[in-house]
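For the sequence shown, numbering that gives the first Met the number 0 gives the first residue as 0, with consecutive numbering after it.
Reading through the structure tokens given below for one structure.
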Amino acid sequence: MDRALSKLGIVSRSQATNAIRAGRVRVDGRLVADPAQLVVPERVRITIDGEPQTRAAWRTILFHKPRGIVTTRRDPEGRRTVYDVLGDAAHGLNAVGRLDLATSGLLLLTSDTQLANWVTDPANAVPRVYVVTARGEVTPDEAQRLPAARAEVRKASTRESHLIVELRSGRNREVRRMFASIGHEVTRLKRVQFGGLEIGDLEPGAWREVTRGEIRRAFPRAPISRGAA
């Protein structure tokens, strides 16, 4: 429940926890006593002190995450986050999955928790496409041995190789581990496609709005919440 209120952009998570423990929060008229209670905010009516909490307007953006920033909302090591870069543009939005510190490229942020949960669920096998630079010469035979991936060598030399790699999962550092398994270190990694959405010519640090229509075309089976009008 506390997480749901936070994701709706109504209050911070700590404020939500305090409000719940003080008996101020109801879901569909029923008092909520446990901050950890599971709730799908798009499907219920939430009130605080009897006042309906209008869900934020539906909004999704596509962000070109630069290298060297983290995807978490706050970083205990004090590193810059995507929320620092985006500022007010990310208000009420949550990152859909993560890209690690050294990875750049396409990152979605959305107010739609149903959409975020669906596209990151491994059971839905949403494709992710990466441009990979690896140390040394990766041969076509080696590329075919990469586990759980489709890979195409675009350019290779004894110094480095460039490949296009498609995955159907988004586990942490998965691409780097896969290349390590065939004896090559990934030196640069950029996600250029997620489902049917492509990064195009968007510059690092830039972002654009994504419409519901784009989401329907990019993820045809994904649920999309109505949000506020």
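We treat Cβ as the ideally placed atom computed from N, Cα and C, and that holds for glycine.
No experiment lies behind these values; they were computed from the predicted model shown.
Along the chain, where does the beta strand (DSSP E) containing E208 start, and where does it finish?
206–209
Just to check my reading of the structure: R134 and R190 have Cβ atoms closer than 8 angstroms, yes? What is that Cβ distance to the nearest angstrom?
That pair is no contact at about 20 angstroms.
Identity of the residues DSSP links to H161 by a beta bridge:
T132, K154
Buried or exposed, going by whether 16 or more other CB atoms sit within 10 Å of the CB of L37?
exposed
T138, DSSP secondary structure in three states:
coil
CB-CB under 6 angstroms to R78, same chain, minus the five flanking residues each way: which ones, in chain order?
V69
Short of 6 angstroms in beta carbon distance, which residues of its chain neighbour G195, apart from the five on each side in sequence? Order them along the chain.
R216, A217
Distance check for E173 and Y129, CA to CA, integer angstroms please.
11 angstroms
Length-filtered (3 minimum) beta strand (DSSP E) runs lying within the region 170–224:
185–193, 206–209
Bridge partner(s) assigned by DSSP for E41:
Note: E41 sits in no beta bridge, so no partner.
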